Structures are given as C-alpha cells and as structure tokens.
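Encoded as structure tokens, the structure appears first; notes follow it.
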Amino acid sequence: MLGNNDGDGSQDVSDCCILYELLMYCEWMQDPELLKCPRPGDTQFFSGSTHKNPAKYIWKFFSNRESVCGEVQRLLLQQLPWHFAVGEGGKVVAILQDTLLEIRTSRDEYSSVVGMASIAKDASPQLRKLTWSPDSSMLAVAHSNGVVSFYDLLGSNVFNIYPPKFQENSQFVDKRNALVFIGFLQSRRKSPKWSAEIILVDYHGNLYCYLVSPTDGYQQSHAFSFAQHYRQGVLAVAYHQSHNMLFVAGPMVMKNSDSLKGHGSSIGLSAWRLLNDHPYYRLALSTDEEQAIWEAKQSWWKWVPSLTSNPKQSAVFKMQVSPTGKLLACLHSCGSISLWHLPAIRLYKYWPLLDQPHYNAQNPQHSKGSYSHGSDNSSYQPVVINWWTDQ
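The opening position of the sequence shown corresponds to residue 0 in numbering that gives the first Met the number 0, with each subsequent residue numbered one higher.
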C-alpha cells in the first residue's frame, strides 16, 4: 500500500511497487481420478460415531453444532488435495501428491528430486498436513486418520506417531482424529537427545506434545485438552514464537453477547500461553475480557439454544499469524475475513463476503454451470488465507 503522507513518497513506491519475475522450475500433471459417491457415514465429518442415540439427535436438533461443523466440512473439502511445505527460507521444498512425496532443494533450483517416498492413498487428502522441523532435518506428514509420519531429507520414513486407540484396519474412521494443527517448536525440555518438540491438535480438541529426534525417534512429553473451553471441539490453531502462544478457534457454546463485542471470545477465539511445567498451557485473558465473559455468563438465556433465530453460526476455520506476530488473519465459515491485533486478540478489521473486492470473480476456464447462483454465494467463499507482508 502506498503512503498517504504529504512528503516525498518515492521511498514508499520503491519499497512496495516491486515487479516479481516468476520462474517455473517444475510442472506436474495430475492424473484423472474416478470419483465415488460417498457413503452416508462418510459425509458426517464430525459425527464421531455411527451408533444412533435418540437423545443425541434430539440435542442436535435444538443446537447449532451440526450446522457449524457441516459448513466447515464443506469448506475444508474444497481445498486442493496436494500440499507444499517450505523449510529454511526456501532451501528445501516438499511436495505431497496423492501417493507420492517429493523433496527438492534450492542447490540446483529445485530441478531434481533429492528425496522421494510412496504415501498411502488418503480418503480425505485435503485434511493432510505437511511441515518441516526448524532445522529441516525432519519432515512431518499428517494423514486424515491422525497418523503422523516423519521423513528425513532423502525421503526415508524414520518413525510414525499413532493417535490413541488407533486401529489399522478399522472400517470406520473417525475423521475428527484428523489434525487441525501440527507444528514444531524448540524443545522446552533441555536435553541433547531431543532436537525439537512437536505439537499435534485434533478436531476433538486433544493436544499431544512429543519430543522428537531424527536418530532417537520420539517420546511423549505431555497431553492436554481444550474440551473444557471448546465442548464441540476446535476448528483452527495457530502459533507464533514471538508470543509463545497458541491461538485457538472453535464453535461458540453460548450465544454472542454485546459485552464481548470486539474481543476474540465473541467468535470463539482464545490465546493460550505455553508453560514449561504442568498444566503446560494457560488461558490468557485481559482483565476487561475476563469481566466481559463474566457478564455474558450471568445471563442463563445466553446458554439456551435459539429456536427462532437463524441456527447457522459462523465460526473461524482458518487462521494465519502475520510474519511479525502483530496481526491474526481469520477466515470465517460464512465467507467473512477478519484481522485481529495480537496478543490480546482485539478486532482490527472485518470484511463480510459481499464487501470483499471481486469476491464473485470467476475462472474463465471453468464453465458457468460450475458456479452456484443461489443467494448464499457459497461458491465464492475463500478457503485459504496467508500473508504476503504485514503492510
């Protein structure tokens, strides 16, 4: 953005108006795939069980849990099935395809593959995640069933971490075991044996922390649960080392309140400070936000599901912290985009879908019939968000 000051703006122009040359180092052609109609049980992304419980379904009728999570499911499955991860400022790049993992380096301008591994086909490849360790000695690949595989630079599988009660050949796969967050941190336990620690968070709200090493495998450090704060699970997690905090998003339990307006709690955002000892994570709230939450809880009506209003609740399902850690960008299931000041999580800017420039722009290579023309504009909702700069 150009500066609006009355002085010489040449510096702003030179810093911001940069012409980038894009070079294509490699190109992949995706093989066509025969799509199968999903079974009824497969469409329930957040179902958790196929056993029918009348009491549970009565509660779902009077609550908005199913509508919120169903909307998030639809958005998540619109993502691209392939994943990319960049390590050490571009020195290494990992490309996760349908059944193949490639590792390339900047030494030869990514022209050759230095590491390769076969990956099992995933029923929901959009839910897989990919990330490098801080020193790029390990690459973590999270599958939609909750299993995390670790690879070295040559593509060798060094070890795997399985979720609790994992069954290899189970016919029913609870997709809430898929990971909403996977991230490497500097180890909080000072030991030459462990090079880093990794945090895994699933959609149930369960957090598992492991100490990892490319030579010594892994060891569980601790476990934690956000279930008390997010009874319906979590939808997004972000981390930034400058604050040493986890930023968590999930569906709201109580209805919105005027006292929470402008606070992260108004849309289910919270900040958790990392501790070196038990309980390892602590909810971080400012004094005025604590007071606002207390006032909202005093009204028992806030906890009663609405029977007359629109049950479709918007929830944050994607978050990205800015490079400097000053702002948090969020995508909402209703299509809105919001910016929040960190670390206090105070609202900075908010753009509904209809206010976003060219929100309904269409790909000229796609047929017009591929876009919905309903009043919900669901085909135009953003599903991925990231930062270019903080400006």
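Note that the Cβ used here is the ideal one computed from N, Cα and C, for glycine as well.
Note that the structure is a prediction, hence the values are computed from the model and not measured.
- Message: Among Leu153, Asp107, Pro133, whose alpha-carbon lies nearest the alpha-carbon of Glu101?
- Response: Within the sequence shown, numbered from 1, the residue matching residue 101 stands at position 102. Checked all of Leu153, Asp107, Pro133; the closest Cα to Glu101 is Leu153.
- Classify Leu259 as helix, strand or coil using the three-state DSSP reduction. As a position in the sequence shown, residue 259 is number 260, starting the count at 1. Note: Leu259 maps to helix in three-state DSSP.
- Task: Check the DSSP bridge columns for Glu196 and list the partner residues they point to.
- Result: Reading the sequence shown from its first residue, position 197 is the one you call residue 196. The partner list for Glu196 (beta bridge, DSSP) reads Leu184, Leu210.
- Task: Starting from the Cα of Val320, find the closest Cα among Leu95, Leu341, Glu196, Trp81 and give me that residue.
- Result: Your numbering for residue 320 matches position 321 in the sequence shown. Cα-wise, what sits closest to Val320 is Leu341.
- Query: Exposed or buried, Asn104, counting other C-beta atoms within 10 Å across all chains shown (16 or more means buried)?
  - Reply: For this step, residue 104 is matched to residue 105 along the sequence shown. The sequence shown places Thr at residue 104, rather than the Asn named in the question. When all chains shown are included, Thr104 counts as buried.
- In or out: Cys25 buried (at least 16 other Cβ within 10 Å) or exposed? Residue mapping note: residue 25 aligns to position 26 of the sequence shown, counting from 1. Counting Cβ neighbours within 10 Å, Cys25 comes out exposed, since fewer than 16 surround it.
- Residue environment, Asn362, which counts as buried when at least 16 other CB atoms sit within 10 Å: On the sequence shown, position 363 is the one that residue 362 refers to. Burial state of Asn362 is exposed, judged by a 10 Å Cβ sphere holding fewer than 16 other Cβ atoms.
- Task: Spatial neighbours of Val157 within its chain, please: CB distance less than 8 Å, with the 5 preceding and 5 following residues excluded, ordered by chain position.
- Result: Within the sequence shown, the letter at position 158 stands for residue 157. Met137, Phe149, Tyr150, Asp151, Pro213, Gly216, listed in sequence order.
- Query: Relative to the alpha-carbon of Ser177, which residue among Arg187, Lys348, Trp193, His142 has its alpha-carbon at the smallest distance?
  - Reply: By 1-based counting over the sequence shown, the position of residue 177 is 178. According to the sequence as given, residue 177 is Ala; it is not Ser. Nearest Cα to Ala177 within the set Arg187, Lys348, Trp193, His142: His142.
- Query: Which whole runs of the alpha helix (DSSP H) in the stretch 90-139 are 4 residues long or more, in chain order?
  - Reply: none
- Option in Leu346, Ala314, Thr323 with minimal Cα separation from Cys333: Mapped onto the sequence shown, residue 333 falls at position 334. Ranked by Cα distance from Cys333, the first of Leu346, Ala314, Thr323 is Ala314.
- Message: Restricting to Cα atoms, I'd like to know which of Phe165, Gln166, Tyr202 is closest to Ile181.
- Response: Here residue 181 corresponds to residue number 182 of the sequence shown, with the count starting at 1. Nearest of Phe165, Gln166, Tyr202 to Ile181, Cα basis: Tyr202.
- Task: Please report the residue range of the beta strand (DSSP E) in which Gly154 lies.
- Result: For the purposes of this step, residue 154 is identified with residue 155 of the sequence shown, where counting begins at 1. No residue range can be given for Gly154, since it is assigned to no beta strand (DSSP E) and is classified by DSSP as neither H nor E.
- C-alpha gap between Gln166 and Lys174, whole angstroms: Residue 166 sits at position 167 when you count from the first residue of the sequence shown. Residue 174 sits at position 175 when you count from the first residue of the sequence shown. Approximately 13 Å, taken between the alpha carbons.
- Burial state of Asn385, where buried means 16 or more other Cβ atoms lie within 10 Å: For the purposes of this step, residue 385 is identified with residue 386 of the sequence shown, where counting begins at 1. Classification of Asn385: exposed, given that the 10 Å Cβ count is below 16.
- Query: Contact between the stretch 239-246 and the stretch 258-273: three or more CB pairs below 8 Å?
  - Reply: yes
- Query: How many whole angstroms separate the CB atoms of Ile198 and Leu210, which I take to be in contact at a CB cut-off of 8 Å?
  - Reply: Counting from one through the sequence shown, the residue named residue 198 turns up at place 199. Counting from one through the sequence shown, the residue named residue 210 turns up at place 211. Actually they are not in contact, since the Cβ atoms of Ile198 and Leu210 sit about 11 Å apart, beyond 8 Å.
- Message: Quick check: what's the CA-CA separation for Asn205 versus Thr98?
- Response: The sequence position of residue 205 within the sequence shown is 206, counting from 1. The sequence position of residue 98 within the sequence shown is 99, counting from 1. The straight-line gap from Cα to Cα measures roughly 28 Å.
- Task: Grab the span of the beta strand (DSSP E) containing Gln319 for me, first residue to last.
- Result: The residue you call residue 319 lines up with position 320 of the sequence shown. 315-320 is the span of the beta strand (DSSP E), which, as asked, contains Gln319.
- Just reading off the beta strand (DSSP E) that Gly394 is part of, what are its end residues? With the chain covering only 0 through 390, there is no way to say anything about residue 394.
- Message: Our contact map puts Leu326 next to Trp339 with C-beta atoms below 8 Å; I'd like the distance itself, whole angstroms only.
- Response: Counting from 1 along the sequence shown, the entry for residue 326 is found at position 327. Counting from 1 along the sequence shown, the entry for residue 339 is found at position 340. With 8 Å as the limit, Leu326 and Trp339 qualify as a contact, their Cβ atoms being about 7 Å apart.
- Query: Ala222 to Tyr207, Cα distance in whole Å?
  - Reply: One-based indexing of the sequence shown puts residue 222 at position 223. One-based indexing of the sequence shown puts residue 207 at position 208. Taking C-alpha positions only, Ala222 is separated from Tyr207 by approximately 5 Å.
- Message: Going by C-alpha to C-alpha distance, which of Gln227, Ser224, Val92, Pro250 sits closest to Ser111?
- Response: If you number the sequence shown from 1, residue 111 lands on position 112. Closest option to Ser111, Cα to Cα, is Val92.
- Item | Classification of Phe225 by the beta-carbon crowding that lies within 10 angstroms, buried from 16 upward | As a working note, residue 225 is residue 226 in the sequence shown. Residue environment analysis places Phe225 among the buried positions, since at least 16 neighbouring C-beta atoms fall within 10 angstroms of its C-beta.
- Query: Would you call Gln29 buried or exposed, if buried means 16 or more other Cβ atoms sit within 10 Å of its Cβ?
  - Reply: Residue numbering aside, residue 29 sits at position 30 when the sequence shown is read from its first letter. So Gln29 counts as exposed.
- Under the three-state DSSP convention, the category Arg230 falls into: Translated into positions along the sequence shown, residue 230 becomes position 231. Arg230: coil per DSSP, three-state reduction.
- Message: Am I right that Leu126 and Leu75 are in contact with their C-beta atoms under 8 Å? What's the rounded C-beta distance?
- Response: Along the sequence shown, one-based indexing puts residue 126 at 127. Along the sequence shown, one-based indexing puts residue 75 at 76. With 8 Å as the limit, Leu126 and Leu75 qualify as a contact, their Cβ atoms being about 7 Å apart.
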